[in-house]
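Q:
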Amino acid sequence: MSLDRAFYKPLERAQYAAYAAQMPEHFRFTVKAPSLIADALIREEGRGLAENSVFLDPDLAITQFVEPAVTGLGDRLGALVFQISPLPPFLLERPGEVIERIGRMLQALPDVRARLPEAVIAVEFRDPIFVAPEWSGQLVDMLRASRATYCLGLHGKMPPIEAQLPILRALWPGPLVCRWNLHHKHGAYGYEKAKQLYGNFDRIVDADIETRQALARVAAATASAGHPAIITIGNKAEGSAPRSVLALSEAIVERLRRPS
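Residue numbers (numbering that gives the first Met the number 0): 0 to 259.
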């Protein structure tokens, strides 16, 4: 389960603990960092109004996100995801500097895996320039030095899964973190269109076999190597998140059962 609520307003330790208490021991949460930290702009109804002076602030990342989530969720924490919101032009012109700033923030964080060995810190982007060949090498070096990984962002703003996988291959061996939010057919701004099309979210409407099989392949390989594979799926990925989860889990199991 992805706690997207944390993106809109930082949660307190007690709130995280309340979520953890509702779930069985084997359950793991993915938690998005607050926009206070992960968005370069202060927004209202999606419109950027002003520059965010505390964007990627290490101290706030610790006090408003990492510490409350780690202490509140405990061993039910799966992944802490810094989803970097779409950047304004003045930052998109300097992707290398953005990568450096992310690295400085990540390297200032406490070692989460020393306390929770299966927990992962990951970075997700909403701008495809960061996975382009001219910047992906710097991104990989930064993530490796920061004990973090790349979060596959499967939605219209980013390229398809196969175009993002080279980053995970460069970081191998390591965990898989993925957020599959929106079918690519809807484009970068198709969330409302998908919501109207999929109605009650009670069935798969647009089966994305290519993405599902690629994700199953990577998840099976990651799990077989003994690393965490943490995947969340939204209703707008195929039409029904629960049914997408079932279909993906069946595809993963089928691959795990294949003779090596």
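Quick reminder that beta carbons are idealized off the backbone N, C-alpha and C, glycines included.
(1) In this structure, what does DSSP give as the bridge partners for Phe28?
(2) Should Asp110 be labelled buried (16 or more other beta-carbon atoms within 10 Å of its own) or exposed?
(3) Could you check the C-alpha separation between Ala121 and Pro258 for me, to the nearest Å?
(4) Give the straight-line distance between the Cα atoms of Ala144 and Ile83, rounded to the nearest whole angstrom.
(5) From Glu96, Glu11, Arg146, Pro132, pick the residue whose C-alpha is nearest to that of Ala162; which is it?
(6) Got a sec, what are the start and stop residues for the beta strand (DSSP E) Gly152 sits in?
(7) Starting from the Cα of Leu247, find the closest Cα among Ala107, Gln212, Arg202 and give me that residue.
(8) Work out the CA separation of Pro94 and Gly136 for me, nearest whole Å.
(9) Excluding the five sequence neighbours on either side, which residues of its own chain have a C-beta within less than 6 Å of the C-beta of Pro9, listed in chain order?
(10) Please determine if the region 203 to 222 and the region 50 to 70 are in contact, where contact requires at least 3 C-beta pairs separated by less than 8 Å.
A: According to the structure data:
(1) Bridge pairing for Phe28: Leu76 [DSSP].
(2) exposed
(3) In this model, Ala121 and Pro258 are separated by some 31 Å (Cα to Cα).
(4) Going by the C-alpha atoms only, they are around 19 Å apart.
(5) Pro132
(6) 148 to 153
(7) Gln212
(8) 12 Å
(9) Same-chain partners within the cutoff: Pro33, Gln63.
(10) no
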